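Chemist: First the structure, then my questions, so here it is.
Protein chains in written order, with the numbering used here: chain G, 2 to 295; chain L, 278 to 606.
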């Protein structure tokens, strides 16, 4: 697959703060590329430089081999993290205005269908729910039938149902062969949607690869979860790698049979035992020593 | 052009549907005019004014108490003043003539005194015309002031708000150019202001019935040029600022002195010369001067050309600065 966007040694300084500190990566055509990290990691600064909104302090960004220019602006669709829309204008009128700003545009009906905007088409944009608003902003990002779509934390603040609906929309965008750049701080979201991810912390890339590769590369163990009281009832001291997680205890092990036998031998009840695979959240904790979400 | 039109239409809808702002734009000047029409509905000061073409002799008619005798140089202008009731009588002793407004009771009274004294030999020239009340004089000022507020805040404040809440950032990510965006804002505000001003003008005319001696073309030119000038001024304020509070402070700093020193409420004639010089830097002064000349004195388009020229020059400067300084973020 050929590269759509190439980023080389990108740097952005804000008054003494190195928000983005020399990062390089390539986004292949037709893939969904995830940019992950906690708040303040430099995700939004990075993505806004890629969108041509912010000027990099140093480094280069190439779109289809060229520096960002009018062609990029015509072919990119952008959904910002927070966008105010003009007030007193309905959803339909907002879409119409944006579609007139482009020479190439998708028929409005197609957008309305694909982003499920029927039920609130003639509503003032100030009176939309969080999920409706995000769907409208996504529709605006798609109005010019873009080759590349930027989605900056599209599901932050949405309820689980609205989030799943947006995921479906992103999958349908991917299915049409578009390239998607997604930032998120939900690891689950990245795992569901992205072909490749980079994890950022303090302006640097700390891990890169497909979600499954990253997990396989860093983890060979699984997590056994037990209620804290059950674990504490052990008759003899246990020699296990256990993490205290509030009401429960997480035991990390790559030899599940041995560990279970050890617990049974110590008289620990396994009635409420749960086993889960390692997630990107664990990976992030492992890499940075920080919780991804406070 | 398609892009410009798209933003133009959206901005129009936003303004027209914001009932509070629209209502304020329409009602504010009407309240002011109504208030002043009521407050100044009594008779003007009881002093008679007589114009004399040469230094008046200090005897006979020319010593009548409670009459102010004013030496006039420009006879034509003085005749207009008689027509407008701003002079009660005009006497030209050397030419053996006098002018009186047949519709002015004060003029009739002074004529009697003149003829009873030493003016019996003078030839009478009759003129006619309505009295110019304070409200006639005030209307162009209030319309001008309303235009100023609407232009400065409707453009300056709104663009700053767009910048602060991210509307500009969203538009920056499209092929829309800064010039297209700014032109759409100017065009939208211009026609909305002229429409609102027309409604206020004709609406007020219905119940106050103020003077309008000039042509509508000349008046339109004065208001349109003034509006464009003050919108351009708003663009300069809005070019970079991202804080609504700062924008509001700056707009107040500009609009309040203009409101009081541009001759909206009272004539600048007779004020300190420094104030009169200061007033010349305000576009509002020139717009009101032109509009007043058209409405009260019936000035033609050519006669207000100097004011239009000043406004045009100011507009060019403001636009150049505004477009050069403009940043989406």
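Every residue, glycine too, gets a C-beta built ideally from N, C-alpha and C. All values derive from a computational prediction rather than experimental measurement.
(1) By a C-beta neighbour count over all protein chains shown, 10 Å radius and 16 as the cutoff for buried, is residue 40 of chain G buried or exposed?
(2) Classify residue 210 of chain G as helix, strand or coil using the three-state DSSP reduction.
(3) Any Cβ of chain L within less than 8 Å of the Cβ of residue 109 of chain G?
(4) For residue 449 of chain L, would you say it is in contact with chain G, using Cβ-to-Cβ distances shorter than 8 Å as the test?
(5) Give me the Cβ distance between residue 365 of chain L and residue 394 of chain L, rounded to the nearest whole Å; I'm assuming they're in contact under 8 Å.
(6) What did DSSP end up calling residue 34 of chain G once you bin it into helix, strand or coil?
(7) What whole-angstrom Cβ distance do residue 229 of chain G and residue 250 of chain G have, given they're in contact under 8 Å?
(8) Looking at the secondary structure, which residues open and close the beta strand (DSSP E) in which residue 151 of chain G lies?
(9) Could you tell me the boundaries of the beta strand (DSSP E) in which residue 228 of chain G lies?
(10) Hey, is residue 98 of chain G's beta-carbon within less than 8 Å of any beta-carbon in chain L?
(11) Counting contacts by CB-CB distance shorter than 8 Å, is residue 444 of chain L in contact with chain G?
(12) Could you work out which residues of chain L lie near residue 87 of chain G, taking near to mean beta carbons separated by less than 7 Å?
(13) Counting beta carbon pairs with one atom in the region 433-444 of chain L and one in the region 579-598 of chain L, are three or more of them shorter than 8 Å?
(14) Tell me, please, which residues DSSP counts as bridged to residue 246 of chain G.
(15) Report the CB separation of residue 5 of chain G from residue 29 of chain G in whole angstroms; it is logged as a contact under 8 Å.
(16) At least one CB of chain L closer than 8 Å to the CB of residue 103 of chain G: is that the case?
(17) Which class does residue 554 of chain L belong to by DSSP, given the choice of helix, strand or coil?
(18) Does any residue of chain G bring its CB to less than 8 Å from the CB of residue 552 of chain L?
(19) Quick one: is residue 609 of chain L near chain G, going by C-beta distance under 8 Å?
(20) With C-beta atoms as the reference, is residue 492 of chain L less than 8 Å away from residue 471 of chain L?
(21) Is there a Cβ of chain G sitting closer than 8 Å to that of residue 279 of chain L, yes or no?
(22) With residue 374 of chain L as the anchor, note down where its alpha helix (DSSP H) starts and where it stops.
(23) Taking only beta-carbon positions, decide if residue 54 of chain G is within less than 8 Å of chain L.
(24) Considering only the alpha carbon of each residue, which of L:357, L:428, L:388 lies closest to residue 408 of chain L?
(25) Per DSSP, what are the beta-bridge partners of residue 277 of chain G in this structure?
(26) How about the region 557-566 of chain L and the region 477-485 of chain L: do they share at least three Cβ pairs that are nearer than 8 Å?
(27) In whole angstroms, what separates the C-alpha of residue 45 of chain G from that of residue 184 of chain G?
(28) Tell me, please, whether the region 215-223 of chain G touches the region 288-295 of chain L by the rule of three or more beta-carbon pairs shorter than 8 Å.
(29) Chain L partners of residue 76 of chain G, CB-CB under 7 Å?
(30) For a quick check, are the C-beta atoms of residue 488 of chain L and residue 413 of chain L less than 8 Å apart?
(31) Report the three-state DSSP secondary structure of residue 294 of chain G (helix, strand or coil).
(32) Which chain G residues are close to residue 295 of chain L, counting only those with a beta carbon under 8 Å from its beta carbon?
(33) Closer than 8 Å by beta-carbon distance: list the chain G residues that pair up with residue 452 of chain L, in chain order.
(34) Mind checking who residue 564 of chain L pairs with in its DSSP beta bridge?
(35) Assuming residue 507 of chain L and residue 598 of chain L make a contact with CB atoms under 8 Å, what is their CB distance in whole Å?
(36) For residue 91 of chain G, name the three-state secondary structure that DSSP assigns.
Modeler: Let me spell this out:
(1) Mapped onto the first chain, residue 40 of chain G falls at position 39. The residue is exposed, with fewer than 16 neighbouring Cβ atoms inside 10 Å.
(2) Stepping through the first chain from its first residue, residue 210 of chain G is reached at position 209. Three-state DSSP puts residue 210 of chain G in a strand.
(3) Taking the first chain and counting its residues from 1, the one referred to as residue 109 of chain G is at position 108. Judged by the 8 Å Cβ criterion, residue 109 of chain G is not in contact with chain L.
(4) Within the second chain, residue 449 of chain L is the residue found at index 172, counting from 1. Between residue 449 of chain L and chain G, the shortest Cβ-Cβ separation is below 8 Å.
(5) The residue given as residue 365 of chain L occupies position 88 in the second chain. The residue given as residue 394 of chain L occupies position 117 in the second chain. Contact doesn't hold; Cβ gap of about 15 Å is too wide.
(6) Translated into the one-based positions of the first chain, residue 34 of chain G becomes position 33. Three-state DSSP puts residue 34 of chain G in a strand.
(7) Here residue 229 of chain G refers to the residue found at position 228 of the first chain. Here residue 250 of chain G refers to the residue found at position 249 of the first chain. Contact holds; Cβ gap of about 5 Å.
(8) The count along the first chain starts at 1 and reaches residue 151 of chain G at position 150. Looking at the DSSP string, the run of the beta strand (DSSP E) that includes residue 151 of chain G is 149-153.
(9) Taking the first chain and counting its residues from 1, one reaches residue 228 of chain G at position 227. Where residue 228 of chain G is concerned, the enclosing beta strand (DSSP E) stretches over 223-228.
(10) Walking along the first chain from the start, residue 98 of chain G turns up at place 97. Put simply, the CB of residue 98 of chain G is near chain L, with a gap under 8 Å to one of its CB atoms.
(11) As a position in the second chain, residue 444 of chain L is number 167, starting the count at 1. Yes, its Cβ sits closer than 8 Å to a Cβ of chain G.
(12) Here the question's residue 87 of chain G lines up with position 86 in the first chain. Those are 287, 291, 444, listed as they occur along chain L.
(13) no
(14) Locating residue 246 of chain G in the first chain gives position 245, where the first residue counts as 1. Note: residue 246 of chain G sits in a beta bridge opposite G:249.
(15) The sequence position of residue 5 of chain G within the first chain is 4, counting from 1. The sequence position of residue 29 of chain G within the first chain is 28, counting from 1. That pair is a contact at about 7 Å.
(16) For this step, residue 103 of chain G is matched to residue 102 along the first chain. Cβ-Cβ to chain L under 8 Å: yes for residue 103 of chain G.
(17) As a position in the second chain, residue 554 of chain L is number 277, starting the count at 1. Residue 554 of chain L: helix per DSSP, three-state reduction.
(18) Taking the second chain and counting its residues from 1, the one referred to as residue 552 of chain L is at position 275. It does not; no Cβ of chain G falls within 8 Å.
(19) Past the edges of chain L, shown from 278 to 606, lies residue 609 of chain L, and the structure says nothing about it.
(20) Here residue 492 of chain L refers to the residue found at position 215 when the second chain is read from its first residue. Here residue 471 of chain L refers to the residue found at position 194 when the second chain is read from its first residue. No, the pair does not count as a contact, with Cβ atoms beyond the cut-off.
(21) Within the second chain, residue 279 of chain L is the residue found at index 2, counting from 1. It does: the Cβ of residue 279 of chain L has a partner Cβ on chain G nearer than 8 Å.
(22) Translated into positions along the second chain, residue 374 of chain L becomes position 97. From DSSP, residue 374 of chain L is part of no alpha helix (DSSP H) but of the beta strand (DSSP E) over 374-378.
(23) Counting from one through the first chain, the residue named residue 54 of chain G turns up at place 53. Residue 54 of chain G counts as touching chain L.
(24) Taking the first residue of the second chain as 1, we reach residue 408 of chain L at position 131. Cα-wise, what sits closest to residue 408 of chain L is L:357.
(25) For the purposes of this step, residue 277 of chain G is taken as the residue at position 276 of the first chain. Paired residues: G:224.
(26) no
(27) The residue you call residue 45 of chain G lines up with position 44 of the first chain. The residue you call residue 184 of chain G lines up with position 183 of the first chain. Distance between the alpha carbons of residue 45 of chain G and residue 184 of chain G: 8 Å.
(28) At 8 Å Cβ cutoff, the stretches do not touch.
(29) Position 75 of the first chain holds residue 76 of chain G. Contact annotation for residue 76 of chain G against chain L: no contact, minimum CB-CB distance about 10 Å [criterion: below 7 Å].
(30) Taking the second chain and counting its residues from 1, one reaches residue 488 of chain L at position 211. Taking the second chain and counting its residues from 1, one reaches residue 413 of chain L at position 136. Cβ atoms of residue 488 of chain L and residue 413 of chain L: closer than 8 Å.
(31) For the purposes of this step, residue 294 of chain G is taken as residue 293 along the first chain, with counting starting at 1. Reliability fails at residue 294 of chain G, whose pLDDT of 44 lies under 50, so the model's placement of it is uncertain and the value that follows must be treated cautiously. It is coil, neither helix nor strand.
(32) One-based indexing of the second chain puts residue 295 of chain L at position 18. Residues of chain G with a Cβ closer than 8 Å to the Cβ of residue 295 of chain L are, in chain order, 88, 89.
(33) On the second chain, residue 452 of chain L is found 175 positions in, with the first residue counted as 1. Residues of chain G passing the Cβ test: 71, 74, 75, 102, 103, 104.
(34) On the second chain, position 287 is the one that residue 564 of chain L refers to. DSSP lists no partner for residue 564 of chain L.
(35) Counting from 1 along the second chain, the entry for residue 507 of chain L is found at position 230. Counting from 1 along the second chain, the entry for residue 598 of chain L is found at position 321. Cβ-Cβ separation between residue 507 of chain L and residue 598 of chain L: approximately 14 Å, too far for a contact (criterion under 8 Å).
(36) Locating residue 91 of chain G in the first chain gives position 90, where the first residue counts as 1. Note: residue 91 of chain G maps to strand in three-state DSSP.
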